[in-house]
Amino acid sequence: MTAKTHQEKLAKYAEAIVKVGLNIRAGQRLIITLAANRGVPLQFAPLVREVARAAYEVGAKYVDVIWGDEEMLKIRARHAPKDSFDEYPTWAIQGIMNMLENGDALLSISGMDPDLLGSLDPEVIGKMQHTHLVNLEPVTKLVTTNASNWCVVAAAGRAWAQKIFPDLSPEKAQEKLWDAIFETTRIDQPDPIAAWEDHIVALRNRANYLQAKQYTGLHYKAPGTDFTLGLPNGHKWISAQSLAQNGIAFTANMPTEEVFTLPDRNRADGVISATFPLSYGGTLIEDFQVHFENGRITKVAAKKGEAALQKLVDTDEGSHRLGEVALVPASSPIGQRGHLFYNTLFDENASCHIAIGRAYRFTLTGGEELSEEEFVSAGGNTSLNHVDFMIGSPQMDIDGITKDGAREPVMRKGEWAFKA
Ligand code: ZN
Ligand code: ZN
């Protein structure tokens, strides 16, 4: 077999995005945005065009893109009036809402320069970020209740590639990042769609095992970590594939290696140490610990970036609490690569993680139908933020706590401790 060209791999990738990620149905429309909804930069046009082609091939009736430009963001941050940062392109939100409310598909592309905002006035960035999160809320609500089939994928942005591989030339770095994307999304395998089907089944079997166990909590033990979190009644273990409210089975993240569920917002105690740095809002937070009492963060400490971490926690009440608990073996293909991607889509699939902030409604049985108050009283968390950080390692043991208080091994030395 001859090696595929980049363009051929891109076409295979687009096909997997359309068929496995979104699972677009004939007659659906598709809107493509940048993850975080700032508009897709033109450097990602080759991927966007392949996705459009693949989507029409399976019967999509209309595909559109919200284009954007990273430089425009910088220009605004530097030159717009200081009191203007509550301005927001609400038309873009209305466009996305129009699609989602109609049961159409949403694709977000991730791959922005992780340092894009790092060099700008933190106060301006904080304000812009807040305005963005507030305006995005209606979209966030529909996405976190799986109203429609949606998917987040990555494209090898130039600046992002340079950040990961600083010793390579810009061209080589980008090529290497594309290789990493194709490898971790199984596009380098002879039949990527079949490989995804196998992977989805394997993850589903893990989720089903944990679902049947109905653990009331998990206990984590590792160097610098002695931590217990509660799992509320009705928590639902989720893996790669989900069913949207429009009836379409879709895979929200490519790559994905995690099995995850809802932690109880009121039950988390002890101290947990991060095992990877956290890239947040252009700042790298390194070597950090988070202390919990009765579900609430009482103290954070970091060797680097402590102020940024504290700021994240102080966003609102919900950002003092947990919204996701995810299990990923240390031997995951992304963990094995042994380097940081400075991008949650990849880094969260390298290791076990938890998220500060908003919980996904679909991680609670019937959670989509509850009011916000009902969701919170069932143990779910709400916040403007949802930020994952990595806690797993080959030194970590995790026990499941049964209803009668017994402990069963879930992970040993960072690997699954049960057969599924
Ligand atoms: Zn996760
Ligand atoms: Zn998450």
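Residue numbers (our numbering): 290 to 709.
The beta-carbon is built from N, C-alpha and C at its ideal position, and this holds for glycine as well.
Boundaries of the alpha helix (DSSP H) in which residue 697 is found, first to last residue:
Working through the sequence shown from its first residue, we reach residue 697 at position 408. Element bounds for residue 697: not the alpha helix (DSSP H) but the beta strand (DSSP E), 696–701.
Looking at the unbroken beta strand (DSSP E) that takes in residue 616, where does it start and where does it end?
Translated into the one-based positions of the sequence shown, residue 616 becomes position 327. Element bounds for residue 616: 611–616.
On the three-state DSSP scale, how would you describe residue 449?
In the sequence shown, the residue the question calls residue 449 occupies position 160. Three-state result, residue 449: helix.
How about residue 561 and residue 630: do their beta carbons lie closer than 8 Å?
For the purposes of this step, residue 561 is taken as the residue at position 272 of the sequence shown. For the purposes of this step, residue 630 is taken as the residue at position 341 of the sequence shown. No, the pair does not count as a contact, with Cβ atoms beyond the cut-off.
Measure the alpha-carbon distance for residue 343 versus residue 299 and round it to whole angstroms.
As a first step, residue 343 is located in the sequence shown; it is residue number 54 there, counting from the start. As a first step, residue 299 is located in the sequence shown; it is residue number 10 there, counting from the start. Answer to the nearest angstrom: the Cα atoms are 11 Å apart.
Evaluate contact between the region 530–545 and the region 397–415, counting only Cβ atoms and requiring at least three cross-stretch pairs below 8 Å.
no
Report the rounded CA-to-CA distance for residue 315 versus residue 478, giving the unit in angstroms.
Translated into positions along the sequence shown, residue 315 becomes position 26. Translated into positions along the sequence shown, residue 478 becomes position 189. Taking the straight line joining both Cα atoms gives about 27 Å.
Is the beta carbon of residue 603 less than 8 Å from the beta carbon of residue 591?
Within the sequence shown, residue 603 is the residue found at index 314, counting from 1. Within the sequence shown, residue 591 is the residue found at index 302, counting from 1. No, these two residues do not count as a Cβ contact at 8 Å.
Determine the DSSP secondary structure at residue 678, reduced to helix, strand or coil.
Position 389 of the sequence shown holds residue 678. Residue state, collapsed to three classes: strand.
Just curious, the alpha helix (DSSP H) that residue 345 is in, first and last residue?
In the sequence shown, counting from the first residue as 1, residue 345 sits at position 56. Note, residue 345: alpha helix (DSSP H), 334–346.
What is the DSSP secondary structure of residue 566, reduced to helix, strand or coil?
Working through the sequence shown from its first residue, we reach residue 566 at position 277. Residue state, collapsed to three classes: coil.
What are the start and end residues of each continuous alpha helix (DSSP H) run of 4 or more residues lying completely inside the region 629–678, in chain order?
633–636, 661–666
Please confirm whether residue 717 and residue 509 have their CB atoms less than 8 Å apart.
This structure leaves residue 717 out entirely; the chain is present only between 290 and 709.
Determine the DSSP secondary structure at residue 487, reduced to helix, strand or coil.
Position 198 of the sequence shown, counting from 1, holds the residue named residue 487. If DSSP states are grouped into helix, strand and coil, residue 487 belongs with the helices.
Exposure label - residue 331; buried when at least 16 CB within 10 Å
Here residue 331 refers to the residue found at position 42 of the sequence shown. Exposed: under 16 other Cβ atoms inside 10 Å.
Comparing the CB of residue 339 with every heavy atom of ligand 2, is any distance shorter than 7 Å?
As a working note, residue 339 is residue 50 in the sequence shown. No, Cβ of residue 339 sits at least 7 Å from all heavy atoms of ligand 2.
Is residue 483 buried or exposed, if buried means 16 or more other CB atoms sit within 10 Å of its CB?
Numbered from 1 along the sequence shown, position 194 holds the residue referred to as residue 483. Answer is exposed; the Cβ neighbour count stays below 16.
Give the straight-line distance between the Cα atoms of residue 608 and residue 554, rounded to the nearest whole angstrom.
Residue mapping note: residue 608 aligns to position 319 of the sequence shown, counting from 1. Residue mapping note: residue 554 aligns to position 265 of the sequence shown, counting from 1. So the alpha carbons of these two residues sit roughly 10 Å apart.
Would you say the beta carbon of residue 615 is closer than 7 Å to some non-hydrogen atom of ligand 1?
Counting from 1 along the sequence shown, the entry for residue 615 is found at position 326. Residue 615 Cβ: within cutoff of ligand 1.
What is the residue span of the alpha helix (DSSP H) that residue 468 lies within?
Start at 1 with the first residue of the sequence shown, and residue 468 comes out as number 179. From DSSP, the alpha helix (DSSP H) with residue 468 extends over 459–473.
Beta-bridge pairing of residue 527 - partner residues as DSSP gives them
On the sequence shown, position 238 is the one that residue 527 refers to. Residue 527 is bridged to 549.
Using 8 Å as the threshold, is the C-beta distance between residue 707 and residue 640 below it?
Counting from one through the sequence shown, the residue named residue 707 turns up at place 418. Counting from one through the sequence shown, the residue named residue 640 turns up at place 351. No, the Cβ-Cβ distance between residue 707 and residue 640 is not below 8 Å.
Do residue 611 and residue 645 have their beta-carbon atoms positioned less than 8 Å apart in this structure?
As a working note, residue 645 is residue 356 in the sequence shown. As a working note, residue 611 is residue 322 in the sequence shown. Yes, they are a contact pair.
Does ligand 1 have a heavy atom nearer than 7 Å to the CB of residue 637?
On the sequence shown, position 348 is the one that residue 637 refers to. At least one heavy atom of ligand 1 is nearer than 7 Å to the Cβ of residue 637, so yes.
Is the beta carbon of residue 427 closer than 8 Å to that of residue 251?
The structure shown does not extend to residue 251, since the chain is modelled only from 290 to 709, so the question has no answer here.
Candidates 679, 328, 596: which alpha carbon is nearest residue 356's?
In the sequence shown, counting from the first residue as 1, residue 356 sits at position 67. Checking every option, the nearest Cα to that of residue 356 belongs to 328.
Please report the Cβ distance between residue 656 and residue 647, rounded to the nearest whole angstrom; I am assuming they are in contact, meaning their Cβ atoms lie under 8 Å.
Here residue 656 corresponds to residue number 367 of the sequence shown, with the count starting at 1. Here residue 647 corresponds to residue number 358 of the sequence shown, with the count starting at 1. The pair is not a contact, with the Cβ atoms about 12 Å apart (cut-off 8 Å).
Whole beta strand (DSSP E) runs in the region 373–430 with 3 or more residues, listed along the chain?
394–399
On the three-pair Cβ rule with 8 Å, is the region 460–479 touching the region 516–535?
no
Can the beta-carbon of residue 571 be found closer than 8 Å to that of residue 407?
For the purposes of this step, residue 571 is identified with residue 282 of the sequence shown, where counting begins at 1. For the purposes of this step, residue 407 is identified with residue 118 of the sequence shown, where counting begins at 1. Going by C-beta atoms, residue 571 is nearer than 8 Å to residue 407.
Is there contact between the region 696–705 and the region 611–623, where contact requires at least three CB pairs shorter than 8 Å?
yes
Below 7 Å, is the gap between the Cβ of residue 547 and the nearest heavy atom of ligand 1?
Here residue 547 refers to the residue found at position 258 of the sequence shown. It does: the Cβ of residue 547 is within 7 Å (strictly closer) of some heavy atom of ligand 1.
Going by the beta-carbon positions, is the gap between residue 394 and residue 458 smaller than 8 Å?
Mapped onto the sequence shown, residue 394 falls at position 105. Mapped onto the sequence shown, residue 458 falls at position 169. Not a contact, by the Cβ cut-off of 8 Å.
State yes or no: is the C-beta of residue 573 within less than 8 Å of the C-beta of residue 676?
As a first step, residue 573 must be located in the sequence shown, where it is residue number 284. As a first step, residue 676 must be located in the sequence shown, where it is residue number 387. Contact: no.
I'd like to know whether the C-beta of residue 372 is nearer than 8 Å to at least one C-beta of chain B.
Absent here is chain B; the protein component of the structure consists of one chain.
State the Cα-Cα distance for the pair residue 558 and residue 588, rounded to the nearest angstrom.
As a first step, residue 558 is located in the sequence shown; it is residue number 269 there, counting from the start. As a first step, residue 588 is located in the sequence shown; it is residue number 299 there, counting from the start. Rounded to the nearest angstrom, the two C-alpha atoms are 12 Å apart.
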